[in-house]
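A.B. asks: Quick note on my numbering: the sequence shown kicks off at 26 and runs consecutively.
Note that beta-carbon positions come from the ideal geometry of N, C-alpha and C, so glycine has one too.
As the structure is a prediction and not an experimental result, all values here were calculated from the model.
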Amino acid sequence: LYRRLPKRGFSNHPFKKDLVEVNVGRIQQAVDAGKLDAKATVDAAALIAAGVIRRERDGISLLSNGELSAKLDLHVYRASKGAAEAVEKAGGSLKTDYVPKRKRQRGGK
Numbered sequence: 026l027y028r029r030l031p032k033r034g035f036s037n038h039p040f041k042k043d044l045v046e047v048n049v050g051r052i053q054q055a056v057d058a059g060k061l062d063a064k065a066t067v068d069a070a071a072l073i074a075a076g077v078i079r080r081e082r083d084g085i086s087l088l089s090n091g092e093l094s095a096k097l098d099l100h101v102y103r104a105s106k107g108a109a110e111a112v113e114k115a116g117g118s119l120k121t122d123y124v125p126k127r128k129r130q131r132g133g134k
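#1: Let me know the secondary structure DSSP gives L72 once reduced to three states.
#2: Is there contact between the region 46 to 64 and the region 30 to 37, where contact requires at least three CB pairs shorter than 8 angstroms?
#3: Considering Cα atoms alone, identify which of Y102, Y123, L93 is closest to E113.
#4: Taking just the CA atoms, how far does K32 sit from E81?
#5: Is the beta carbon of V49 sitting closer than 7 angstroms to the one on A104?
#6: For K64 and K96, I'd like the C-alpha separation in whole angstroms.
#7: Note down the Cα distance separating K128 from A74, rounded to an integer number of angstroms.
Dropping the structure here:
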């Protein structure tokens, strides 16, 4: 019966971003183990080299699970509010490539 009925509705699956989720606690573990240099910019290439992630996919989403004590300069695609606060609290900086939907619709204003 389900094969006889047409597909209905909208699916955004082909255009959905496939992000790799990384917790700030996991990044802190890599810094403590000496796999990540806290003085250099931590981006996708640095996380892959340190073994924190396997591949970049469409970008990295930074989540706030865990504690961050190292002062890091992070460059990711997207970050949660808690993760951004954890990075700022540790004295680091965070750069994201994500543009909110409202700004995309209004031409970046």
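C.D. replies: In brief:
#1: Here residue 72 corresponds to residue number 47 of the sequence shown, with the count starting at 1. Helix, per DSSP.
#2: no
#3: Against the sequence shown, residue 113 aligns to sequence position 88. Ranking the options by Cα distance to E113, first place goes to L93.
#4: Taking the first residue of the sequence shown as 1, we reach residue 81 at position 56. Taking the first residue of the sequence shown as 1, we reach residue 32 at position 7. The alpha-carbon atoms of E81 and K32 are separated by roughly 32 angstroms.
#5: Working through the sequence shown from its first residue, we reach residue 49 at position 24. Working through the sequence shown from its first residue, we reach residue 104 at position 79. Taking 7 angstroms as the Cβ cut-off, V49 and A104 do not qualify as a contacting pair.
#6: What you label residue 64 is simply residue 39 of the sequence shown in a count that begins at 1. What you label residue 96 is simply residue 71 of the sequence shown in a count that begins at 1. Distance between the alpha carbons of K64 and K96 is about 8 angstroms.
#7: Residue mapping note: residue 128 aligns to position 103 of the sequence shown, counting from 1. Residue mapping note: residue 74 aligns to position 49 of the sequence shown, counting from 1. Taking the straight line joining both Cα atoms gives about 34 angstroms.
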